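Undergrad: So in numbering that gives the first Met the number 0, the last one in the sequence shown is 153, and the numbering has no gaps at all.
Virtual Cβ for every residue (Gly too), placed ideally from N, Cα, C.
Only a predicted model underlies this, so the values are computations on that prediction, with no experimental measurement involved.
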Amino acid sequence: MSQQEPFRVRIKVRHYELDSLGHVNHAVYHQYGEVARLELFEQAGGMEKGLVESGISPVLLESHIVYRRELRAGDVVDVSCRATFGEGKVFWMHNEIVKLDGTLSAEIKCTLGLMDLTKRKLVPEPRRLIEKAGLDLDVLCGTAGVPQDSLPTR
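(1) Expressed to the nearest angstrom, what Euclidean distance is found between the alpha-carbon atoms of serine 149 and threonine 142?
(2) Spatial neighbours of leucine 121 within its chain, please: CB distance less than 7 Å, with the 5 preceding and 5 following residues excluded, ordered by chain position.
(3) Tell me the DSSP secondary structure of lysine 88 in three-state form.
(4) According to DSSP, what are the bridge partners of alanine 43?
(5) Specify the secondary structure class of aspartate 115 as computed by DSSP and reduced to three states.
(6) Less than 7 Å separating the beta-carbons of asparagine 94 and alanine 35?
(7) Are the region 18 to 25 and the region 77 to 85 touching, with three or more C-beta to C-beta distances below 8 Å?
(8) Within 10 angstroms of the Cβ of proline 125, are there 16 or more other Cβ atoms? Answer buried if so, exposed if not.
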């Protein structure tokens with residue numbers, strides 16, 4: 000089974016992102032994941048035009064990170080991002096932070112929902128609403144150009 004490479008954004012580690020141990024502070028990894036998530040939404044068609052105009056916006060509900068290898072000043076990483084959908088009110092976005100030599104530095108899995116910006120409540124069927132807002136689900140899920148019958152099922 001072939002699958003498109005996930006969306007990636009390249010980030011260089013800055014000195015001010017380091018902690019007293021000389022490696023990237025734990026919270027910065029989450030920022031890297033957020034950068035990739037926001038850039039992926041833009042690549043898929045943008046949040047402002049379709050989602051926010053229709054009164055909904057993605058909201059982060061949970062974030063879990065597994066640290067694999069440290070990052071130090073000057074390291075350059077590719078931060079991948081891919082969305083997955085299931086039933087209910089939530090969806091997931093997965094990040095891998097990988098050094099240019101291929102070393103996996105961290106994995107992040109986030110649970111998100113779509114919030115009604117007036118009622119301040121989660122809305123059901125985020126996949127349908129994201130698609131209705133004009134965002135490209137194949138770009139979000141990293142499945143552009145992959146025949147639907149070759150995709151794994153959940």
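TA: According to the structure data:
(1) Sequence index remark: in the sequence shown, residue 149 carries index 150 (1-based). Sequence index remark: in the sequence shown, residue 142 carries index 143 (1-based). With a pLDDT of 40 at serine 149, under the threshold of 50, the modelled position of that residue is not reliable, and no figure is offered here.
(2) To locate residue 121, count along the sequence shown from 1; it is residue 122. Around leucine 121: Lys88, Gly112, Leu113, Met114.
(3) Stepping through the sequence shown from its first residue, residue 88 is reached at position 89. Coil at lysine 88, not helix or strand.
(4) Working through the sequence shown from its first residue, we reach residue 43 at position 44. According to DSSP, which records beta bridges pairwise, alanine 43 is partnered with nothing at all.
(5) What you label residue 115 is simply residue 116 of the sequence shown in a count that begins at 1. Of the three classes helix, strand and coil, the one that applies to aspartate 115 here is strand, per DSSP.
(6) Locating residue 94 in the sequence shown gives position 95, where the first residue counts as 1. Locating residue 35 in the sequence shown gives position 36, where the first residue counts as 1. For asparagine 94 and alanine 35, yes; Cβs fall inside 7 Å.
(7) No: fewer than three Cβ pairs fall under 8 Å.
(8) Against the sequence shown, residue 125 aligns to sequence position 126. Proline 125 is buried by the Cβ-count criterion.
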